[in-house]
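So the sequence shown is numbered by my numbering: it starts at 71 and just counts up by one.
The C-beta atom is built at its ideal place from N, Cα and C for all residues, glycine as well.
Quantities reported herein were computed from a predicted structural model and do not represent experimental measurements.
Input: a single structure, listed below in structure tokens.
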Amino acid sequence: MSHESQVLSEPTQVPRTELVVIGSGPGGALTACLAAEAGRDVLLLEEGPYIAPDRTPPFTRAEMIEKYRCGGITVAMGAAKVTYVEGCCVGGASEINSGLYHRTPPEILAEWRDQLGAQHLRVEDLEPHFAALEHELSVGNLPGPAPLASLKLRDGATALGWRAIEAQRWFQYHAEPGLPPTKQTMTRTFIPRFLAAGGKLLPNCRIDRLRRDGSQWRLSCVYLDSDGPKSSTIHAPDVFVAGGAVQTPALLQRSRIASRAGRRLRLHPTLKVVARFPEQVNSLDMGVPVHQVPHFAPRYRFGCAISSPPFLAIALNDHPDHEHDLANEWPRMACYYAMTRGGSGSVRTLPYYRDPLVRYRLNTSEIAELSEALVQLCRCLFAAGAETLFPTIAGCPTLRSPADLEKLASYVVEPRLNLTTVHLFASCPLGEDRQQCVVDSFGRVHGVPHLHLADASMLGGPTSVNPQATIMALARRNVLDYLQGGSDPS
Ligand SMILES: Cc1cc2nc3c(=O)[nH]c(=O)nc-3n(C[C@H](O)[C@H](O)[C@H](O)COP(=O)(O)OP(=O)(O)OC[C@H]3O[C@@H](n4cnc5c(N)ncnc54)[C@H](O)[C@@H]3O)c2cc1C
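Laid out in structure tokens, this is it:
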């Protein structure tokens, strides 16, 4: 990275600044970049390390250890546990995600307007911001045929008369032969732009608490130097928090700001199925398959999951008798998911613990919906020619034909489910209804002047599609409003 002198190693190098952005994921990186490009003096703080985008091969164990929060071992507790994953590095989860792009479905925006009184969330309010992002992140379809594992999902859906789509992605494709496509992560896009505009980035620095001192925010932080962790403080009149759906409400709770923060949390509960086909469908350079089946949306959707050997091994945990098959048979295997919108949870900080307690629960009808989604996904995979299916459910037998699906629902009971998610949101929802919402439609924290949110926490609820574009479009609209002096209603 050029502009190396702007990547700082300790907070004492910038004890005061005009604007601080906490968290460098898609929401934070975009916010910091546009503010710096508008001439503001901006410090972008990130708990995780800065890792050059090409250093670690994607979807490997090494990537999990370097870039995932707690190496990927993070769980929402409940009758059915939900293993969730977050990025913890410069660029946040944009560095580790699949790069699948969707605009927010209009019916979801309508839901947030109706249920949360969220004004200024019409399709036309966000349209210019989606259009700008599509240009800036090179969003588009694959230039060639989709991977074989992806085509299997499409073929299964087509055979059943269901609609399948190729999701667009934020990737750049190169004319030179042999050069792999590059995912447009934050460290390849908005972070270099931010530094080029004069912004300062401080990795390895976690904000522990915020306090308003007269006209300034006082940020207590812990940063890593060569002797280990050290404490310091930073001052700024304006702060944007963009730590993600779990860490943002935790920071607000530690700071005793916004009593509603973290009282609820939403996510996309996801069940996975490994499918083994008679022929090869997977390869080391496959990347992420792109097909999705929105036939049953917005209730649930199917798609293709990351299927590199380490991810297949995790997905086969519930089938220990078949784990040894992986060594020889992984080229014939790929992983798929059924994702619903059900359930509700919370984020709570605990005294003396660094990480918050995350809880999630689904009611009986939400479990039934998950069960229906799983059965339909399995039907689709059998229709695509799968010979064996391995659902991520403890004690569930392998499925060898559509006839086996009759008993599948009896295994979809909470203690057995190994639910996962990579989509968490809505822990500090946006809207003008102060009884329910932490921020207004422009991300300004109700009742707390000069404090803004710019990440997944402010979404109104599940998007039913991959959520990063929604987060970025809202963050873009909101920071531009702030830069134009958008009135602070508090
Ligand atoms: C494996 C995976 C695959 C995914 N695939 C897709 C996909 O294909 N398409 C899609 O749209 N979405 C996808 N997502 C989801 C998407 O990446 C996230 O929704 C998005 O990154 C959230 O953005 P964010 O700005 O809220 O914060 P995050 O990306 O969560 O980043 C927040 C950053 O803030 C830092 N931070 C937190 N607290 C503090 C603190 N107190 N002090 C300093 N720093 C702090 C964190 O370390 C982190 O780096 C995927 C996610 C994962 C994990």
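Q.
On the CB-based measure, 16 or more other CB atoms within 10 Å of its CB, does serine 560 come out buried or exposed?
A. For the purposes of this step, residue 560 is taken as the residue at position 490 of the sequence shown. Unreliable positioning characterises serine 560 in this predicted model, as indicated by a pLDDT of 47, which lies under 50. The coordinate reading is nonetheless provided below. By the neighbour-count criterion, in which 16 or more other beta carbons inside 10 Å mark a residue as buried, serine 560 falls on the exposed side.
Q. Short check: CB of isoleucine 161 to CB of aspartate 525, under 8 Å?
A. Working through the sequence shown from its first residue, we reach residue 161 at position 91. Working through the sequence shown from its first residue, we reach residue 525 at position 455. For the record, residue 161 in the displayed sequence is glycine; it is not isoleucine. The answer is no: Cβ separation not under 8 Å.
Q: Taking only the alpha-carbon atoms, compute the straight-line gap between leucine 249 and aspartate 124 and give it to the nearest angstrom.
A: Position 179 of the sequence shown, counted from the first residue, corresponds to residue 249. Position 54 of the sequence shown, counted from the first residue, corresponds to residue 124. Distance between the alpha carbons of leucine 249 and aspartate 124: 13 Å.
Q | Nearest candidate by alpha-carbon position, reference valine 548, set His199, Cys291 and His394 | A | Within the sequence shown, the letter at position 478 stands for residue 548. Going by the sequence as given, residue 548 is asparagine instead of valine. The candidate whose alpha carbon is nearest that of asparagine 548 is His199.
Q: Buried or exposed for leucine 420, please, with buried defined as at least 16 other CB atoms from any protein chain shown within 10 angstroms of its CB.
A: The residue labelled residue 420 in the question sits at position 350 within the sequence shown. The residue in question, leucine 420, is exposed, as its Cβ has fewer than 16 Cβ neighbours within 10 Å.
**Q.** Reduced DSSP category for asparagine 299 - H, G, I as helix; E, B as strand; rest coil
**A.** The residue given as residue 299 occupies position 229 in the sequence shown. Position check: residue 299 holds proline in this sequence, whereas asparagine was assumed. Reduced to three states, the DSSP call for proline 299 is strand.
Q) Sorted by chain position, which residues of the same chain lie with C-beta nearer than 8 Å to serine 414's C-beta, five sequence neighbours on each side aside? A) Here residue 414 refers to the residue found at position 344 of the sequence shown. These residues qualify, in order along the chain: Arg334, Leu335, Arg336, Tyr430 and Arg431.
Q) Is it true that the CB of proline 85 sits closer than 8 Å to the CB of serine 164? A) By 1-based counting over the sequence shown, the position of residue 164 is 94. By 1-based counting over the sequence shown, the position of residue 85 is 15. Contact flag unset, no.
Q. Counting Cβ pairs closer than 8 Å, one from the stretch 471-484 and one from the stretch 280-300, do we hit at least three?
A. Cβ pair count under 8 Å is below three, so no.
**Q.** Residue from Val91, Leu203, Asp195 and Thr101 whose Cα sits closest to the Cα of tryptophan 287
**A.** The residue labelled residue 287 in the question sits at position 217 within the sequence shown. Of the listed residues, the one whose Cα sits closest to tryptophan 287 is Val91.
**Q.** Contact the stretch 456-465 vs the stretch 300-320: 3+ CB pairs below 8 Å
**A.** no
Q. Shortest alpha-carbon distance to valine 483 belongs to which of Glu439, Gly517, Thr87 and Leu521?
A. The residue labelled residue 483 in the question sits at position 413 within the sequence shown. Minimum Cα distance to valine 483 is reached at Glu439.
Q: To the nearest angstrom, report how far apart arginine 263 and cysteine 103 are at their CA atoms.
A: For the purposes of this step, residue 263 is taken as the residue at position 193 of the sequence shown. For the purposes of this step, residue 103 is taken as the residue at position 33 of the sequence shown. Cα to Cα, the separation comes out at about 6 Å.
Q.
The alpha helix (DSSP H) that contains glutamine 446, what's its start and end?
A. Here residue 446 corresponds to residue number 376 of the sequence shown, with the count starting at 1. Glutamine 446 -> alpha helix (DSSP H) spans 434-453.
Q. How long is the line joining the alpha carbons of threonine 228 and serine 220, rounded to whole angstroms?
A. In the sequence shown, residue 228 corresponds to position 158, counting from 1. In the sequence shown, residue 220 corresponds to position 150, counting from 1. Those two C-alpha atoms are separated by around 13 Å.
Q. Would a C-beta distance cut-off of 8 Å place threonine 130 and proline 359 closer than the cut-off?
A. For this step, residue 130 is matched to residue 60 along the sequence shown. For this step, residue 359 is matched to residue 289 along the sequence shown. Not in contact: threonine 130 and proline 359 (Cβ atoms no closer than 8 Å).
Q) Given cysteine 291, which residues of its chain have a CB within under 8 Å of its CB, disregarding the five upstream and five downstream residues? A) Taking the first residue of the sequence shown as 1, we reach residue 291 at position 221. Result list for cysteine 291: Pro81, Leu115, Cys275, Arg276, Ile277, Asp278, Ser301, Ser302, Thr303 and Ile304, in chain order.
Q) Would the beta-carbon of leucine 523 fall within 8 Å of that of glycine 531? A) The residue given as residue 523 occupies position 453 in the sequence shown. The residue given as residue 531 occupies position 461 in the sequence shown. No.
Q. Does DSSP put tyrosine 138 in a helix, in a strand, or in coil?
A. Along the sequence shown, read from residue 1 onward, the residue named residue 138 stands at position 68. Tyrosine 138: strand per DSSP, three-state reduction.
Q) Does any residue of chain D bring its CB to less than 8 Å from the CB of threonine 255? A) In the structure shown, chain D cannot be found, because there is only a single protein chain.
Q | Assigned exposure category for glutamine 554 - 16 Cβ within 10 Å defines buried | A | Position 484 of the sequence shown, counting from 1, holds the residue named residue 554. For glutamine 554, the number of other beta carbons within 10 angstroms of its own is below 16, and it is reported as exposed.
Q | Alpha-carbon to alpha-carbon, leucine 89 and serine 79 | A | For this step, residue 79 is matched to residue 9 along the sequence shown. For this step, residue 89 is matched to residue 19 along the sequence shown. About 18 Å.
Q) What are the uninterrupted segments assigned as alpha helix (DSSP H) that are 4 or more residues long and contained completely in the stretch 478-554, given in chain order? A) 538-553
Q: Could you please give me the residues that DSSP links to glutamine 189 through a beta bridge?
A: Walking along the sequence shown from the start, residue 189 turns up at place 119. Partner(s): none; glutamine 189 has no beta bridge.
Q.
Quick check: what's the CA-CA separation for leucine 341 versus leucine 487?
A. Reading the sequence shown from its first residue, position 271 is the one you call residue 341. Reading the sequence shown from its first residue, position 417 is the one you call residue 487. Straight-line Cα distance between these residues: approximately 8 Å.
Q: Compute the Euclidean distance between the alpha carbons of leucine 447 and glutamate 349, then round it to the nearest angstrom.
A: Mapped onto the sequence shown, residue 447 falls at position 377. Mapped onto the sequence shown, residue 349 falls at position 279. Each residue's alpha carbon lies about 20 Å from the other.
Q. What do you reckon, is the C-beta of glutamine 446 under 7 Å from a heavy atom of ligand 1?
A. In the sequence shown, counting from the first residue as 1, residue 446 sits at position 376. At a threshold of 7 Å, glutamine 446 does not count as near ligand 1, since its beta carbon sits no closer than that to any of the ligand's heavy atoms.
(Q) My output table needs one value for glutamine 76: the three-state DSSP class, helix, strand or coil. (A) Walking along the sequence shown from the start, residue 76 turns up at place 6. For glutamine 76, the secondary structure class from DSSP, reduced to helix, strand or coil, is helix.
**Q.** beta-carbon proline 467 near ligand 1 non-hydrogen atom, thresh 7 Å
**A.** The count along the sequence shown starts at 1 and reaches residue 467 at position 397. No, the Cβ of proline 467 stays beyond 7 Å of every heavy atom of ligand 1.
Q) Below 8 Å between beta carbons: does that hold for alanine 454 and aspartate 111? A) Stepping through the sequence shown from its first residue, residue 454 is reached at position 384. Stepping through the sequence shown from its first residue, residue 111 is reached at position 41. Result no, Cβ atoms of alanine 454 and aspartate 111 do not sit closer than 8 Å.
Q) Ordered along the chain, which non-local residues of its own chain (more than five positions away) have a Cβ less than 6 Å from that of methionine 356? A) As a first step, residue 356 is located in the sequence shown; it is residue number 286 there, counting from the start. Closer than 6 Å at Cβ, skipping near neighbours: Pro217.
Q: Have a look at aspartate 551 and alanine 245 and give me their C-alpha separation to the nearest angstrom.
A: By one-based count along the sequence shown, residue 551 stands at place 481. By one-based count along the sequence shown, residue 245 stands at place 175. About 38 Å.
**Q.** Closest Cα partner of leucine 113 within the set Val193, Pro251, Asp308 and Gly187
**A.** Locating residue 113 in the sequence shown gives position 43, counting from the first residue. Ranking Val193, Pro251, Asp308 and Gly187 by Cα distance to leucine 113 puts Asp308 first.
Q | Cα-Cα separation, alanine 331 to valine 508 | A | Taking the first residue of the sequence shown as position 1, residue 331 is located at position 261. Taking the first residue of the sequence shown as position 1, residue 508 is located at position 438. Taking the straight line from one Cα to the other gives about 6 Å.
Q. Can you name, in chain order, every residue of its own chain whose Cβ lies under 7 Å from the Cβ of isoleucine 437, other than the five neighbours on each side?
A. By one-based count along the sequence shown, residue 437 stands at place 367. The answer, listed in chain order, is Val482 and Glu484.
Q: Tell me whether serine 290 sits in a helix, a strand or coil according to DSSP, three-state version.
A: Along the sequence shown, one-based indexing puts residue 290 at 220. In this structure, serine 290 counts as strand in the three-state DSSP scheme.
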